[in-house]
Amino acid sequence: MLTTRTQVRNDPEFRSTDASEEYELGSKGEVNGAAVAGGIAGMLLAGPVFGAVAAAGAAYMAASKEGDAGDWARKSGSAMNDLGKSLVKVEKENKLLDKTSRSLVHGAKWVEKKLSSNKSQADAKRETEANLIA
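Mapping to full-length UniProt numbering: the sequence shown position 62 is 62, numbers consecutive.
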């Protein structure tokens, strides 16, 4: 008869999550910020697929890993979280998205006007050429 031996794992991802045991490494802001930082870095280095993988890996490290790698992920996540909060504050104060969208609409209307006037000038030129030939 074959017997198996179970080995107890002490890795953070295998620890008990009972209410009696307090175990939490990364806060929600740190984990989310680490995912954003990892995703941006991965996407810039190797494209969107690697960016998604890097985001998941950074969030996992921030949420569950002890040691230097986990600390680094949590610190970068905290920095990204603070940056995000600052950007939201600046947006609320200055309404940058509204101003930008209005400017884009204004620019698109200007381009449309220029293209339609160029089209009518080209039509008039063709009509003049047709009258000269006839």
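Built from N, CA and C at the ideal position, the CB exists for glycine as well.
Take residue i and list the residues in its own chain whose beta-carbon comes closer than 6 Å to its own, dropping the five residues that flank it on each side.
i    : result
E22  : Low per-residue confidence applies at E22: pLDDT is 49, beneath 50, and the placement is therefore not dependable, though the value from the model is reported in the following sentence. Contacts found: none.
A55  : A35, G38, G39
M61  : A69, G70, A73
E129 : none
Spatial neighbours of residue i within its chain, please: C-beta separation below 7 Å, excluding the five flanking residues on both sides.
i    : result
K125 : none
What did DSSP end up calling residue i once you bin it into helix, strand or coil?
i    : result
E129 : helix
S27  : coil
E22  : Because E22 sits at a pLDDT of 49, beneath the cut-off of 50, its placement in the model cannot be relied upon, and the point is left open.
K75  : helix
G47  : coil
G67  : coil
Are the CB atoms of residue j and residue i within a distance shorter than 8 Å?
i   : j   : result
G84 : E30 : no
N81 : G33 : yes
Is the shortest distance between the beta-carbon of residue i and the beta-carbons of chain B less than 8 Å?
i   : result
S27 : Checking the listed chains, one finds no chain B in this structure; it contains a single protein chain.
I'd like the list of long-range same chain contacts for residue i, defined as Cβ closer than 8 Å, with 5 residues on each side in sequence excluded.
i    : result
S117 : none
L42  : The amino acid occupying residue 42 in the given sequence is Gly; Leu does not appear at that position. These residues qualify, in order along the chain: F50, G51, A52, V53, A54, A55.
>> If we require 3 or more residues per run, which beta strand (DSSP E) segments fall completely within the region 77 to 130?
In response: Counting only runs of 3 or more residues that sit fully inside the region 77 to 130, no beta strand (DSSP E) segment turns up.
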